[in-house]
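Undergrad: Can you keep this structure in mind? I'll have questions shortly.
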């Protein structure tokens, strides 16, 4: 919990965050996201005279939503904030701290469905064709290769330890959402660059078994990975912003286009629900539809 917030509302939020970390075992990134949203809500609730969560009713939840809109939050951010509030209040109900969840009846504005943008294969090749003129460039190429090669989440990438990689079998073991482990195949190219990085890793006197470390020898942070990936996108003249999730999206799309095996892609991505993976069938259809519109002689029928 942020040390800057001194409010009677804070103790319940602190207990909820401990529950997320210890019992739900959510990733640090997810827990931090909840913390940021609830910190903001505490400040807003205090301003409208709420000093006890039992004082929060449907009307005041609407005031929090309206205040968030006035603060400039977009549809996605509003949905994230309301989701955090609902989860927190549901937990309070389960603990007997509240009799009901006043946020249940409040719906956030319907979001337009934004499909993830992916890189095409040529763009991936361009991004990964890195001139490895220093050890950290070797590390970054290894991270890029394994993230695209296995479709990892950012938290999964930075959580890999050296012992989790089986270079002979071409496999890596990662811990996904809900602390669920899965073993994933990685290709020869990723293995090659991992071996190159492992030859240099000891030069940074790593603190622990972390596979990818910073130049201070500590496990690399999520922010550092995001920053480095974005920089490589610019250096390699890729015409879109490069971030870790884009490589995961690209992996999923390319695998589905090549195999058509939705269930297999679900397993590789570590999705608990097939419906989460089905978004990539929409991406695949969009690609096919654009090819059809450009090439089929009857595609333009009915258009003037």
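Residue numbers (my numbering): 5 to 308.
We treat Cβ as the ideally placed atom computed from N, Cα and C, and that holds for glycine.
From a predicted model like this one, the values you see are computed outputs, not experimental measurements.
1. How should residue 137 be labelled, buried or exposed, when 16 other C-beta atoms within 10 angstroms of its C-beta is the threshold for buried?
2. By the DSSP assignment, the beta strand (DSSP E) with residue 239 in it spans what residues?
3. Using C-beta distances below 7 Å, list every residue in its chain close to residue 186, excluding the 5 sequence neighbours before and after it, in chain order.
4. Taking the alpha carbon of residue 193 as the point to measure from, which residue in 152, 253, 29, 41 has its own alpha carbon closest?
5. Would you kindly check if the distance between the Cβ of residue 146 and the Cβ of residue 236 is under 7 Å?
6. Please name the residue in 42, 22, 163, 247 whose C-alpha comes closest to that of residue 148.
7. Using three-state DSSP, classify residue 172 as helix, strand or coil.
8. Ends of the alpha helix (DSSP H) at residue 160?
9. Got a sec, what are the start and stop residues for the alpha helix (DSSP H) residue 199 sits in?
10. So, for residue 85: in the same chain, excluding its five sequence neighbours on each side, which residues have a beta-carbon less than 6 Å away from its beta-carbon?
11. So, with DSSP's three-state summary, where would you put residue 327?
12. Please identify the residue among 35, 228, 15 whose C-alpha is closest to the C-alpha of residue 24.
13. Within the chosen definition, does the region 154–166 reach the region 225–241 through at least 3 CB pairs nearer than 8 Å?
TA: Well, looking at it:
1. exposed
2. Run containing residue 239: none in the beta strand (DSSP E); it sits in the alpha helix (DSSP H), 226–239.
3. 178, 180, 274
4. 152
5. no
6. 247
7. coil
8. 158–162 is the extent of the alpha helix (DSSP H) around residue 160.
9. 192–205
10. 41, 72
11. Here the chain comprises residues numbered 5 to 308, so residue 327 is not present and cannot be evaluated.
12. 35
13. With a cut-off of 8 Å, the region 225–241 and the region 154–166 count as touching, because enough Cβ pairs lie within range.
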